[in-house]
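Following this note's numbering, the numbering of the sequence shown begins with 35 at its first residue and continues without gaps. Think of the CB as a built atom: it goes at the ideal place given N, C-alpha and C, for glycine as much as any other residue.
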Amino acid sequence: MIKNALLLFFAIFLFAADPSFSKDNKLTVAASIKPIHSIVAYLMKGVGTPKLIVDGKTSAHNFHLKPSQVRVIRDSSLFVWVAPSLETFLKKPLSQKNSEDIIALGKLNSLVRHEFRSEHHDEVSHSKNLSKDEHGHKDEHGHKEKHGHKEKHGHKEKHGHKDEHGHKEKHGHNHGDLTEDPHYWLDPRNAIVLAKAVTKELTRRDAKNSSIYKTNLTKFLQETDALEKQLADRLKGFANTDYVVFHDAYQYFEKRFGLKPGRAITISPETPPSARRVYSVATAIRKENIGCIFSEPQFNPKLVRAIAAKSGVHRGVIDPLGANIPNGPMLYKTLLTDMADALIGCVKKLQN
35 MIKNALLLFF AIFLFAADPS FSKDNKLTVA ASIKPIHSIV AYLMKGVGTP KLIVDGKTSA
95 HNFHLKPSQV RVIRDSSLFV WVAPSLETFL KKPLSQKNSE DIIALGKLNS LVRHEFRSEH
155 HDEVSHSKNL SKDEHGHKDE HGHKEKHGHK EKHGHKEKHG HKDEHGHKEK HGHNHGDLTE
215 DPHYWLDPRN AIVLAKAVTK ELTRRDAKNS SIYKTNLTKF LQETDALEKQ LADRLKGFAN
275 TDYVVFHDAY QYFEKRFGLK PGRAITISPE TPPSARRVYS VATAIRKENI GCIFSEPQFN
335 PKLVRAIAAK SGVHRGVIDP LGANIPNGPM LYKTLLTDMA DALIGCVKKL QN
């Protein structure tokens, strides 16, 4: 009797000491921004729902945490975010968490990486160099990829795609360098890298539901591969389309799908564009006969409206965070689809 009571006591003690679970016996997971949250939510279908810190109506570039959000971060047993170069507001609260309880997309190996375009360096004066790891695959759209490391959480990433668009990609383990563009999630290949890393952690922490996590991962990989092929097919006729965006956030999407770089009104949203830059963009619209300009829900559209009104271009909205898309497992797929729809829709207006 005493022996059984002691065993029960120790079982309860070990469970209570396990930081992976809340008091109601549920794994507690949180994510920084909506696209990352969506990927985690997909993997957790049938088990639980992760918490979200930044809703899509606010930019991660200039976000300020509330005390309640700090508590969510502190109390989460697993926190998933992008990188300190994007989410600077998370650096302090995450510095107080165990590093094993954090997954940073920007720190994962086998990630497709792009440096900020040269204008970004000129405008915000970053000077660090990227660490570059070369891997040796070819990506499915025609340019060389660099792969082949183990991920932060231990498994090897194998992509096996060839890239069709003719430019080089970088893969490897740069850890949040300020010369590296952190909008990684806009390349569906990077969503796959993140999904695998998160699944590994979920199954390690919650073994009893491992079969659910693994099944969800398989479905996510299949759907994301299918989405990439679908969008590549839809966008292949728009490779030479010129357009203007509010800020330079889209090169992962552009390079994955072979689009021309959008001309940005501002390189960094923390830095308002100078009058000279606005004039340069307006001049380019006129001289290059650019037909589309896009604002973002996270930023005041006043400047975009003014440029559109003066130049006569069609105005649309393109959103890298999914501000108006319901949170949840389907947001990520809808986000990329909506971005393609915005570009295609604007071009079709020009043709009418």
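Pair within 9 Å by beta-carbon distance, residue i and residue j
i	j	result
A283	P354	yes
S66	V146	no
R268	V279	no
G140	P216	yes
P110	A138	Looking at the sequence shown, residue 110 is not Pro but Ser. No. Outside cutoff.
S244	L236	yes
R151	I299	no
P118	V104	no
L142	A75	no
Straight-line gap, residue i to residue j (C-alpha atoms, nearest Å)
i	j	result
I70	L61	17 Å
G362	K253	15 Å
M364	I73	8 Å
A340	S144	42 Å
A376	V312	23 Å
A241	K68	26 Å
E214	K289	15 Å
I352	V227	24 Å
H389	W219	The shown model of the chain, from 35 to 386, leaves out residue 389, and the question about it has no answer.
N224	L120	16 Å
R238	K270	41 Å
V381	E304	29 Å
G379	A94	27 Å
E262	A357	22 Å
T92	V338	18 Å
L255	P360	21 Å
A374	Q264	10 Å
H348	D89	28 Å
A318	E330	20 Å
K387	N274	No answer is possible for residue 387: the residues shown for the chain start at 35 and end at 386.
F272	H281	20 Å
Whole-number beta carbon distance between residue j and residue i, since they are thought to touch under 8 Å
i	j	result
F387	A266	Look at the range of the chain in this structure, 35 to 386, and you will see that residue 387 is not part of it.
F113	F97	Going by Cβ atoms, the distance from F113 to F97 rounds to 15 Å, so no, they are not a contact pair.
Y247	T258	Not quite, the Cβ-Cβ distance comes to about 16 Å (not below 8 Å), so this is no contact.
A77	N250	It should be noted that the sequence gives Leu, not Ala, for residue 77. The pair is a contact, with the Cβ atoms about 5 Å apart (cut-off 8 Å).
F328	G350	5 Å
K294	A316	In fact, because the Cβ distance is near 19 Å, the residues do not count as touching under 8 Å.
I87	V106	7 Å
Endpoints, alpha helix (DSSP H) assigned at residue i
i	result
I70	68-77
T92	T92 -> no alpha helix (DSSP H), and no H or E assigned at all.
M107	Checking the sequence shown, residue 107 turns out to be Ile, not Met. Here the alpha helix (DSSP H) through I107 covers 101-109.
F113	Note, F113: premise wrong, no alpha helix (DSSP H); beta strand (DSSP E) at 112-115.
R147	First-last for R147: 145-147, but that is the beta strand (DSSP E), not the alpha helix (DSSP H).
I136	Counting along the chain, I136 falls outside any alpha helix (DSSP H), though it belongs to the beta strand (DSSP E) covering 136-138.
N224	222-239
M373	365-385
P127	125-129
K248	244-269
Endpoints, beta strand (DSSP E) assigned at residue i
i	result
G350	348-351
R297	297-300
V315	Careful: V315 lies outside any beta strand (DSSP E), inside the alpha helix (DSSP H) at 309-321.
V279	278-281
S329	326-329
(message) Three or more C-beta pairs under 8 Å: does that hold for the region 368-383 against the region 128-143?
(response) Contact between the region 368-383 and the region 128-143 is absent, because fewer than three Cβ pairs lie under 8 Å.
(message) Measuring CB atoms only, is the region 75-84 touching the region 315-329, in the sense that at least three cross pairs come out at less than 8 Å?
(response) Contact fails: fewer than three Cβ-Cβ distances are below 8 Å.
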